[in-house]
Every structure is written in structure tokens, then in C-alpha cells.
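1 is the number of the first residue of the sequence shown in full-length UniProt numbering; add one for each residue after it.
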Amino acid sequence: MQTLDVDDVDDVDDVDGLEGGTRGGAGPDLLADPGWVVPPVPEDVPEGTMAWLRARVARFSSGEAHARRRALAVGALGALGALDGPDAHAEALRDAARIRTQELLSAPGTIELMARVARVVPTEVLAASLGLPVTADTAGLVGDVARAYHAHGEVIPAADRALARLVADCGGTWDEATAARIGLLVQAYDATAGLIGNAAYLSLTGTGAGALTGVKALTGAGTGAGTGVGAGTETGAGTGVGAGTEAEAGHAPEPPPAPSADLATDRLHQALRTDPPVRGTLRAPVDGGDPVRVRLVTSDGSLAFGAGAHACPGQAQARALAAGVLDALLAGGCRLVRPEDIAYEPSVNLRVPAALEVTCA
């Protein structure tokens with residue numbers, strides 16, 4: 001496994017909403033080093049605010065609090081057995097995602113994949129799996145919270161209102177179990193959409209977006225903030241043309257895995273190797289000090305879901321949800337409209353297509 005040299009972040013002043021910036025990039029060994037922790041957040045905060053959510057999820061926790069909160073998230077996911085092995089729950093998620101995607105793709109005319117499918121289907125299917133009532137507002141509420149998740153120190157009333165509605169949907173109790181369920185939805189929102197978007201681009205064009213001269217980042221790229229793909233996952237750097245690809249880093253790519261009969265899964269593996277949605281993560285010295293960025297873009301995709309104590313516990317679910325969407329796209333004979341013209345969301349943390357228009361047979 002070879003860590004690729006992606007975007008230099010020394011000149012970023014506000015990464016993941018943490019003032020003061022970061023020092024230079026660090027190796028992945030830090031992810032398992034007890035001397036380095038996720039940058040902490042304030043704990044003594046009132047209910048009813050985004051600060052409360054950040055203070056109660058595994059994502060921003062360390063030590064005993066992290067272990068306790070992560071266990072709640074894993075329990076909520078219902079993850080059984082090895083994450084990379086057969087999982088009946090994950091297969092059920094894949095089927096549900098495929099069916100819901102087929103419903104959405106049946107609409108006439110052009111469909112904007114990112115807004116209408118990639119950010120809706122995983123949210124709705126995962127919410128139902130977690131026991132939340134699913135309505136036409138569910139994905140929008142999760143999106144409102146996700147956009148403020150890393151806005152540390154800011155008060156965003158719309159996000160606070162959305163959080164309150166999600167807490168009500170979870171039973172109305174402001175506790176760590178509720179925070180774990182909402183955290184899973186929030187952290188899956190953008191990054192799973194990015195995985196779907198990047199893998200869909202590969203599936204429908206047979207090439208990576210970084211190989212196209214038309215690829216561009218939206219105005220303001222590098223100023224936003226993203227989310228992770230599951231409880232406890234910290235996310236990080238990188239938008240821009242072909243960010244983090246082997247060719248740009250000067251490394252020879254490793255051989256891809258042998259193709260299988262499951263085209264959707266093959267495309268997901270390819271996207272995680274060549275165009276992963278999550279680009280990096282932050283760690284800070286346990287005794288204080290500036291955070292450093294740990295690059296997660298590798299030649300084999302082995303760090304796409306993180307590593308160490310904060311590795312994503314929901315990668316089987318994320319893969320299943322994305323595979324279900326791809327199943328429907330491939331079976332529906334979908335085609336990209338203007339595949340040469342793709343832009344990315346203005347985020348320093350994630351690589352997520354801003355829009356992908358498709359037509360389906």
C-alpha cells in the first residue's frame with residue numbers, strides 16, 4: 001500500500017472548521033498512534049444545537065467516550081460479522097437502495113443524479129434501517145445538519161431546527177443513542193453521495209473524471225466542509241483536477257483487482273482506488289498542539305474508510321447503499337449528459353460531483 005501525495009494544505013486556514021490551520025501532511029501510522037487524537041470539541045454545550053451533536057458523537061470523541069459512542073453507532077447499524085464479508089443486512093440495504101433508485105429514475109426526462117438520487121436514496125434507506133420515519137423531508141433535514149456539522153463555533157439556526165426535528169424522529173430524547181443515529185445519517189450524507197457520484201461517472205463513461213480536461217472545481221473550492229462515511233470517521237482534504245491520482249503523484253498504479261460478475265461492486269472498488277470521496281483526516285497531539293493532516297488517498301484504496309480506532313464502522317453499509325444505486329443505473333441503461341463538463345462541490349474535505357445529469361432508457 002502506497003500513500004499518495006495529494007493536495008498540500010499548509011495554506012488552508014480553516015480545515016474542518018478548526019481555526020489555525022494544519023501542519024504538513026503525515027503518514028497513516030498516526031491513525032493508530034495513541035499519542036494522536038481527533039481534534040477535540042467543546043463538551044459543555046446546551047441541547048438543541050449543532051454543538052450538542054458534535055459533543056455527543058463518536059466522530060469528535062477520544063478515549064472512553066469514543067469507545068462508548070462508537071459502540072452505540074455500531075449497534076444502531078446492526079453490523080454483524082466481518083465488514084468485508086457477506087452481510088445479510090448490507091444486502092437488504094442494497095436491494096432497498098436499488099428499488100428506491102429505480103423509482104426515482106422512472107421519472108421522464110433528464111434526472112440530476114446527485115441531488116435527486118445520490119443524496120436522497122442512501123439517506124432514506126439508512127434512516128429506515130435505523131428506525132426513523134422516512135418522509136419527503138428526511139433527506140433535506142439531514143442535509144441541513146450535514147452542511148453545519150463542521151462549522152465549529154458558528155450558530156446556524158436552520159441546522160439547529162433540522163437537528164431538533166431529527167431528534168424528535170428518533171423519539172425526542174437528547175442522549176448519546178440519539179446522537180449516534182443522527183451522526184450516522186449526517187456522516188453518510190455527502191461522502192456516500194460522493195462515492196456514488198464518482199463510481200457512477202466511472203460506470204457510465206468507463207474513465208476517471210481526473211482524465212478529462214473539462215474537470216473543474218466550483219468557485220470557492222477549498223473553503224467548505226464535508227462529512228464522513230460513518231460514525232467516528234474523520235474526513236479531510238481535496239478538490240481540484242484529478243486530486244490525488246497516481247499519475248499526478250508520480251507513482252505507478254498498482255494492478256486493479258480481477259473483474260467479477262458484479263459490475264457495480266467492481267466500479268465501487270475502482271472509484272475507491274482512483275477517485276475516493278474522502279481525501280484525508282486530521283489528528284492532533286494528545287497533549288495539545290496544531291492538528292496535522294493524514295492523507296487517505298492510496299494506490300490501493302485501503303484507507304478509503306480510514307484506519308485505527310476511528311475507522312468507519314459502516315463501510316459495509318456505505319458500499320451496499322452505493323452498489324444498489326449503481327445496480328439501478330446500470331440496469332436502466334442510463335447515460336450521462338455532457339460527461340466532459342463535471343464540477344465538484346467546494347469542499348476541502350470531500351470530492352463530490354456538484355451535478356451529474358443522466359437520461360435513462
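Each residue gets a CB set at the ideal place from its N, CA and C atoms; glycine is no exception.
Under the three-state reduction of DSSP output, Ile196 falls in the helix class. Distance check between Ala309 and each of Ala148, Val74, Pro157 places Val74 closest, using alpha-carbon atoms only. Residue His66 holds the alpha-carbon nearest to the alpha-carbon of Val37 among Asp341, Ala90, His66.
About 6 Å separates the CB atoms of Leu326 and Ser203; that is less than 8 Å, so the two are in contact.
DSSP places Glu357 inside the beta strand (DSSP E), whose first and last residues are 357–359.
In terms of CA proximity to Arg319, Ala118 leads the group Pro133, Ala118, Asp137, Glu176.
Going by beta carbons, Leu272 and Ala304 fall inside the 7 Å limit. For the pair Ser347 and Arg279, the Cα-to-Cα distance works out to about 11 Å. With distances taken between CA atoms, Asp175 lies nearest to Gly48 out of Gly306, Arg338, Gly48. Note: Ile111 is bridge-paired with Val358 in the DSSP secondary-structure output. Leaving aside the five residues that flank Gly78 on each side, the residues in its chain whose CB is nearer than 8 Å to its CB run, in chain order, His89, Ser129.
One thing to note: Val145 has its Cβ within 7 Å of the Cβ of Val186. For Val325, the enclosing alpha helix (DSSP H) starts and ends at 315–331.
Val120 counts as buried, since no fewer than 16 other beta carbons sit within 10 angstroms of its beta carbon. Under the DSSP assignment, Pro285 falls in the beta strand (DSSP E) whose first and last residues are 280–285. Distance from the Cα of Thr138 is smallest, within the candidate group Leu296, Tyr189, Arg351, Arg54, for Tyr189.
Burial check for Arg54: the Cβ neighbour count within 10 Å reaches 16 or more, so the residue is buried. Under the 10 Å beta carbon count, Asp169 is surrounded by 16 or more other beta carbons and is classified as buried. Here DSSP, grouped into helix, strand and coil, assigns Arg68 to helix.
When the beta-carbon positions are compared, Thr101 and Ala328 come within less than 7 Å of each other. The DSSP-derived three-state label of Trp174 is coil.
Scanning Asn198, Phe60, Leu195, Ser299 for the CA closest to the CA of Ala311 turns up Phe60. Following the DSSP letters along the chain, one finds Val292 inside the beta strand (DSSP E) bounded by residues 292–295. For Arg335, the secondary structure class from DSSP, reduced to helix, strand or coil, is strand.
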